[in-house]
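These notes are about the structure you will find just below.
Protein chains: 2
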Amino acid sequence: MAGDTTAPGMRLYRQVADRVARIIADEALKPGTRLPPERELAARLNVARSTLREAMIALEISGQVTIRTGSGIYVTEAAASAEDDLGPSPLELLDARELIEGEIAARAAMSIDANRLMAIEASIEAMAKAHEPDTHREADRAFHVGLAEATRIDPLVSIVDNLWSQMFSPIFERMGVLTGLFGDPDDTALRHHRLILDALAARDAELCRARMQAHLIDVRRVLLRASAFSSDTPGNS
Amino acid sequence: MAGDTTAPGMRLYRQVADRVARIIADEALKPGTRLPPERELAARLNVARSTLREAMIALEISGQVTIRTGSGIYVTEAAASAEDDLGPSPLELLDARELIEGEIAARAAMSIDANRLMAIEASIEAMAKAHEPDTHREADRAFHVGLAEATRIDPLVSIVDNLWSQMFSPIFERMGVLTGLFGDPDDTALRHHRLILDALAARDAELCRARMQAHLIDVRRVLLRASAFSSDTPGNS
DNA sequence: TTTTCATTTTGGCAAGACCAATTTTGCCCC
DNA sequence: GGGGCAAAATTGGTCTTGCCAAAATGAAAA
């Protein structure tokens, strides 16, 4: 995978933006460093200045560089670490999820309605029938997000959704954990989801919280076991 | 030129991007709608095509439009609601904060070290000495974020930080609530922060949670009182 | 009606020119 | 030598023109 970073079909300004971003990362340019002038960069990358310019605007919008009229283009803080940002460690994410989703489960038990209950049940069935990791994972996500939706507190939905997305950051993928979670022999996750659903239907907030926490602790167990096959420890950095 | 929406000092491509975004919002263009061709748009807005092009790339990067070579520029889903997206209602955000920050406080009580404790104490002192709303608000933020940091769970820091940022979305500002919070006669928030600090120093998790929740409930009270002066009710859409 | 293909439309990219903000340079004066 | 100031060089900002390639269009052919 040492090959090109960008597909040849992609528009030039994107390829250029990627290349410049890579230069920043590779040469470990400190925040505040000034990039070569547009004209020079354009010449070096064999593109017109207009194209180079579009690329820089793309980088500016995504917060990687700051353009100062008449002065130059400077790399920002975000850019320096953009490349090797592995995100929070999976275990840390699980810490956060245990703390938050436990409460969400409890709250959901009190505020859930029939429709949400059905939606969550549907996600469980979908997970049971899933033949591929992707489908399985998506159903899993639907369950946890659905629980957040049941609280009727929108910000919580975003938070759970975000935490979930981060679970599949590069480092996590590299550990091959998703397959580990999917390949769990008797699908403990599925069993746990069903247990939570029962508690939810019974409107038992305490039980919900406890079972959700137990579920996430088990995810941690699977996670640790899966990462044992990897040479790296899952600890951050 | 007609009354511009954006400051004249801003670079043209940004002004153009804003104007196009406003057109999309004003005319309520549905996702999938095709915008006029670049040449035509450029002419209508009195800018060069290259500039119009930079603006469209900015919009593309920020996910508001999709550009298809040889076909046209189409508005995406995100764009349609971008303009009138007031974000979650403040009360909803408080719901989320009560649920999450209560647990964070409890957890912080168990994992905080001397340094974090000092940092949090510093934020309280800063808030006490604050003469302007901005300074006061910043110290307030430092307190809540500091608490999250004390848990040593990074994702929680991001979450608290985000929730805090959203508290000051357009709708919230419009309600003049920040001044309301700042102008609180005897600064109840400051008193509450001190109480939480005490519980934190005593490593009393339960007390921490309770006091944090009490604090946020009080914030809600102030919030509601402040919004009473507004014609709009703070309820979500 | 369906298919094919030339035409038109639309975005993609390049090159050159000039303007405006900023930075640098060099000179004058103290 | 040091400080201040103005010209010059540097650098991003914008416009214009030109041509190419992909996609959509519509007429002609099957």
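Each protein sequence line maps, in turn, to chains A and B.
Taking the numbering used here, I'd label the letters of the first sequence as residues 5 to 241.
Taking the numbering used here, I'd label the letters of the second sequence as residues 5 to 241.
Cβ atoms here follow ideal geometry from the backbone N, Cα and C, with glycine treated the same way.
Secondary structure of residue i, DSSP reduced to three states
i                      : result
residue 80 of chain A  : coil
residue 222 of chain B : helix
residue 15 of chain B  : coil
residue 23 of chain B  : helix
residue 70 of chain A  : strand
residue 207 of chain B : coil
residue 9 of chain B   : With a pLDDT of 45 at residue 9 of chain B, under the threshold of 50, the modelled position of that residue is not reliable, and no figure is offered here.
residue 227 of chain B : helix
Alpha-carbon spacing of residue i relative to residue j, whole angstroms
i                      : j                      : result
residue 29 of chain A  : residue 69 of chain B  : 28 Å
residue 6 of chain A   : residue 44 of chain A  : Reliability of the predicted coordinates at residue 6 of chain A is poor, the pLDDT of 38 falling under 50, and no value is obtained from them.
residue 50 of chain A  : residue 167 of chain A : 41 Å
residue 217 of chain A : residue 79 of chain A  : 42 Å
residue 160 of chain A : residue 98 of chain B  : 11 Å
residue 76 of chain A  : residue 40 of chain A  : 8 Å
residue 222 of chain A : residue 101 of chain B : 27 Å
residue 239 of chain A : residue 226 of chain B : Summary for residue 239 of chain A: the model assigns pLDDT 40, below 50, so the residue's position carries little reliability; its value from the coordinates is reported in the next sentence. If I take the Cα positions, the gap works out to 42 Å.
residue 134 of chain B : residue 150 of chain B : 18 Å
residue 164 of chain B : residue 32 of chain A  : 30 Å
residue 47 of chain B  : residue 53 of chain B  : 8 Å
residue 201 of chain A : residue 200 of chain B : 35 Å
residue 73 of chain A  : residue 42 of chain B  : 25 Å
residue 122 of chain B : residue 117 of chain A : 45 Å
residue 137 of chain B : residue 125 of chain A : 48 Å
residue 224 of chain B : residue 93 of chain B  : 12 Å
residue 23 of chain A  : residue 191 of chain A : 43 Å
residue 119 of chain B : residue 144 of chain A : 39 Å
residue 26 of chain B  : residue 67 of chain B  : 15 Å
residue 14 of chain B  : residue 14 of chain A  : 30 Å
residue 220 of chain B : residue 219 of chain A : 29 Å
The ligand PLP heavy atom lying under 7 Å from the CB of residue i
i                     : result
residue 71 of chain B : Judged by which ligands are present, the structure shown has none, so any question about the ligand PLP falls away.
8 Å contact criterion, which residue i and residue j should meet: CB distance rounded
i                      : j                      : result
residue 107 of chain A : residue 213 of chain A : 7 Å
residue 132 of chain A : residue 194 of chain A : 6 Å
residue 104 of chain A : residue 96 of chain B  : With a Cβ gap of about 16 Å, residue 104 of chain A and residue 96 of chain B do not count as contacting.
residue 64 of chain B  : residue 71 of chain B  : 5 Å
residue 205 of chain A : residue 211 of chain A : About 11 Å; that fails the 8 Å criterion.
residue 62 of chain B  : residue 61 of chain A  : 6 Å
Close-in-space but distant-in-sequence residues of the same chain around residue i (CB under 6 Å, 5 per side omitted)
i                      : result
residue 197 of chain A : 128 and 147
residue 152 of chain B : 108, 160, 161 and 164
residue 207 of chain A : 113
residue 38 of chain B  : 76 and 78
Proximal residues to residue i (C-beta, below 7 Å), its chain only, five neighbours per side dropped
i                      : result
residue 209 of chain B : 110, 113 and 114
residue 155 of chain B : 108, 111, 112 and 115
residue 20 of chain A  : 49, 51, 55, 56 and 59
residue 17 of chain A  : 55, 58, 59 and 62
Contacting residues, own chain, Cβ-Cβ under 8 Å from residue i (five flanking each side not counted)
i                      : result
residue 36 of chain A  : 78 and 79
residue 215 of chain B : 109, 196, 199, 200 and 203
| message | Just to confirm the assignment: which complete beta strand (DSSP E) runs, minimum length 3, are found wholly within the segment 112 to 182 of chain B? | response | none
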